[in-house]
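For what it's worth, the numbering used here labels the leading residue of the sequence shown as 13, then goes sequentially.
Input: a single structure, listed below in structure tokens.
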Amino acid sequence: MLNAAKDESKIHFLFHYEQSHVFGLRLLNSLICCLDTLLLMDSQFSVVSTLISSQTAEDISSSGTIIIDSLSMERNHVLARALLIGGPSERVLPQQTLTDSQVHTPTLPLITSTTLPKEYIPNIVGKSSIKQETEISKFLSESKSSKLDASWLEKCKTAFCKSTDGKLDSIKGNVIQDVLERTVVAMSSIKSEALFLDSVSDSETSFKSFKLTTLQELGVTKAVQYGVHLKLLTSTHDSQENLTKLLKHAGFYLKQQQRQVGSHLQSLNSNYVGFDWFAATIFLIMRGSYERSWKLLQSYATLSASAYMWAPRMHRSIHLPANLASSSIPPLLFSSCHNIELLMQVELPLVYSAFRMSGFTASQICQLWLKQCFWNYLDWSEVCSYVTICTLLGVDYQVYMCIAILRHLQQHILHHQQQQNLVIFLREQPIIDFKVGKHLEYMKRLESRYRRTVLADMLNFSKP
Numbered sequence: 013m014l015n016a017a018k019d020e021s022k023i024h025f026l027f028h029y030e031q032s033h034v035f036g037l038r039l040l041n042s043l044i045c046c047l048d049t050l051l052l053m054d055s056q057f058s059v060v061s062t063l064i065s066s067q068t069a070e071d072i073s074s075s076g077t078i079i080i081d082s083l084s085m086e087r088n089h090v091l092a093r094a095l096l097i098g099g100p101s102e103r104v105l106p107q108q109t110l111t112d113s114q115v116h117t118p119t120l121p122l123i124t125s126t127t128l129p130k131e132y133i134p135n136i137v138g139k140s141s142i143k144q145e146t147e148i149s150k151f152l153s154e155s156k157s158s159k160l161d162a163s164w165l166e167k168c169k170t171a172f173c174k175s176t177d178g179k180l181d182s183i184k185g186n187v188i189q190d191v192l193e194r195t196v197v198a199m200s201s202i203k204s205e206a207l208f209l210d211s212v213s214d215s216e217t218s219f220k221s222f223k224l225t226t227l228q229e230l231g232v233t234k235a236v237q238y239g240v241h242l243k244l245l246t247s248t249h250d251s252q253e254n255l256t257k258l259l260k261h262a263g264f265y266l267k268q269q270q271r272q273v274g275s276h277l278q279s280l281n282s283n284y285v286g287f288d289w290f291a292a293t294i295f296l297i298m299r300g301s302y303e304r305s306w307k308l309l310q311s312y313a314t315l316s317a318s319a320y321m322w323a324p325r326m327h328r329s330i331h332l333p334a335n336l337a338s339s340s341i342p343p344l345l346f347s348s349c350h351n352i353e354l355l356m357q358v359e360l361p362l363v364y365s366a367f368r369m370s371g372f373t374a375s376q377i378c379q380l381w382l383k384q385c386f387w388n389y390l391d392w393s394e395v396c397s398y399v400t401i402c403t404l405l406g407v408d409y410q411v412y413m414c415i416a417i418l419r420h421l422q423q424h425i426l427h428h429q430q431q432q433n434l435v436i437f438l439r440e441q442p443i444i445d446f447k448v449g450k451h452l453e454y455m456k457r458l459e460s461r462y463r464r465t466v467l468a469d470m471l472n473f474s475k476p
């Protein structure tokens, strides 16, 4: 890495050290937008500590004056991105370059330790504790003793859609918990939804021996830090223990449904190498409850939706044909993203053309968004809405939501394609002002037009 080129002999090999260093930092900044890459870079190469060392060593002169140059600004931006997870309104990212008005007084202090200055961390205001009854909360209250079956599920969908009225984020967290738990139970009784049999048995002693990688351990720290920031979790130590236990249990559970694959790909000869962002999302939705999170995940694993929502679910899975399992190409890519491309061609021809001209596919950015459950791209309320609609209304809403986002970003996409920086824009910028509830009506129109094709294709992944 250019940033780690400390040896003077190595530095002299670089034609222009400062320009090369800036390029390296900008490349690193783009790479770590993928949270799995961030965890890999930091767990294997201690990127954050290296950047902080460079910042403290080079930003203070002998007189104690802080020196601000292009390198310190770039490092500062990368550090802010690496140290705090959050959507567009949940964290503050500093500028990468100085404007003329900021040369003497930068708007944000430089980061010189792993403890972020308060200016980078917005105060997250919790939802009002005043009880606001909605159609969905009323329905859940009145149907507590009802049988959770297909009939209940249809009524729940109707109540949920009536409740949104363009504002899904008005639905409280405890209602989201209840909707997910009861929906998963109801769907488990429907043959067309429950494609996977839950034939795995385990005990606490057996899954406790399951080992997490250093990357996954760092992911636990980051996820809990995010939960505390959102005021969803209170005790950092207890939450880390509970999330670690949940990931071990889930990893052990999924391992028993994996096939042996003879492959030269190292990732196929081991357990899932990335972090389980879906399990971490469920953990935060359940406010750190291991028991409720595991119960939901165990039931969710029987549903067809798990093949797309839960990235590690299909890793070397016995539920995939042997040739697909050995290809390491997940259903998320060969089905969801394939359908996104098809719908985009019809619904958003200008956006489709912009991607074609840029040499970058929508599949690449959509896979990144979906794999990490939109963490860092959407605010937490919208992440919850994404999980809820794809579970309750159908997993094909994963496709419709990505189309809705690309439609929302259409003018920005066209502009940045002309500026020849579309890839950088889509990877590095959060999805600002996107509210799932406001676009739900559009998604429902997409469902009415394309569900017969899209959902049928998505449910066909297990056939050779």
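C-beta atoms are modelled at their ideal positions from N, C-alpha and C, and glycine is treated no differently.
Bear in mind the structure is a predicted one, so any value in this text is a computation, not a measurement.
- L40 sits buried, since 16 or more C-beta atoms from the chains shown fall within 10 Å of its C-beta.
- Of all alpha-carbon atoms in S393, G36, D48, the one lying nearest the alpha-carbon of A323 is that of D48.
- As computed with DSSP, Q270 is found in a beta bridge with S329.
- Per DSSP, the continuous alpha helix (DSSP H) segment holding N41 begins and ends at 29-43.
- In the structure shown, the three-state DSSP call for D469 is helix.
- DSSP places L308 in the uninterrupted alpha helix (DSSP H) bounded by 302-312.
- About 6 Å separates the beta carbon of R271 from that of R328, a gap short enough to meet the 8 Å contact definition.
- When C-alpha distances from I425 are compared across Y389, F367, D408, the shortest belongs to F367.
- The C-beta distance from D161 to A198 rounds to 6 Å, short enough to meet the 8 Å contact threshold.
- Membership of I202 in any alpha helix (DSSP H) is not indicated, and neither H nor E is assigned to it by DSSP.
- F219 sits away from Y284, with the two beta carbons spaced by 9 Å or more.
- Just so you know, the alpha carbons of T62 and A235 end up roughly 22 Å apart.
- Here S340 has L277, S279, L280 as same chain residues with Cβ atoms under 7 Å from its own Cβ, once five neighbours each way along the sequence are excluded.
- Only residues of its own chain outside the window of five on either side were considered, and among them C349, I352, C414 have a CB closer than 7 Å to the CB of C378, listed in chain order.
- If you look at W381, you'll find it in the alpha helix (DSSP H) that goes 374-383.
- Rounded to whole angstroms, M455 and I401 show a C-alpha spacing of 10 Å.
- A straight-line Cα-Cα distance of about 14 Å links F287 and H261.
- Take I148, set aside five residues on each side of it, and the residues of its chain with a beta-carbon closer than 8 Å to its own are C168, A171, F172, K174, S175, I183, V187, V191, in chain order.
- For W289, the uninterrupted alpha helix (DSSP H) segment begins and ends at 289-297.
- For L362, the number of other beta carbons within 10 angstroms of its own is below 16, and it is reported as exposed.
- Per DSSP, W322 lies in no alpha helix (DSSP H) segment and is marked neither H nor E.
- Counting along the chain, K156 sits inside no alpha helix (DSSP H), nor does DSSP assign it H or E at all.
- Within the model, the alpha-carbon separation for S305 versus Y238 is close to 17 Å.
- T127 is the residue among T195, T127, E166, T314 whose C-alpha sits nearest the C-alpha of V60.
- With fewer than 16 other Cβ atoms inside 10 Å of its own Cβ, H28 counts as exposed.
- With 16 or more other Cβ atoms from the protein chains shown falling within 10 Å of its own Cβ, G231 counts as buried.
- Using a Cβ distance threshold of 9 Å, Y409 and E453 do not count as a contacting pair.
- Within the same chain, and ignoring the five residues on either side of L52 in sequence, the residues whose Cβ sits closer than 8 Å to its Cβ are L227.
- In the DSSP assignment, D54 falls within the unbroken alpha helix (DSSP H) covering 47-57.
- Taking all protein chains shown into account, T248 has fewer than 16 neighbouring C-beta atoms within 10 Å of its C-beta and is therefore exposed.
- In the structure shown, V137 falls within a coil segment according to DSSP collapsed to helix, strand and coil.
- Judged by DSSP secondary structure, V395 falls within the alpha helix (DSSP H) whose first and last residues are 392-404.
- For N283, there is no enclosing alpha helix (DSSP H), as DSSP marks it with neither H nor E.
- Inclusion of L255 and Y312 in the CB contact set at 9 Å is not warranted, their separation being larger than that value.
- Ranked by Cα distance from S393, the options I202, V448, L105, Q310 are led by V448.
- Short of 6 Å from the beta carbon of L120, and not among the five residues preceding or following it, lie these beta carbons of its own chain, in chain order: P106, E131.
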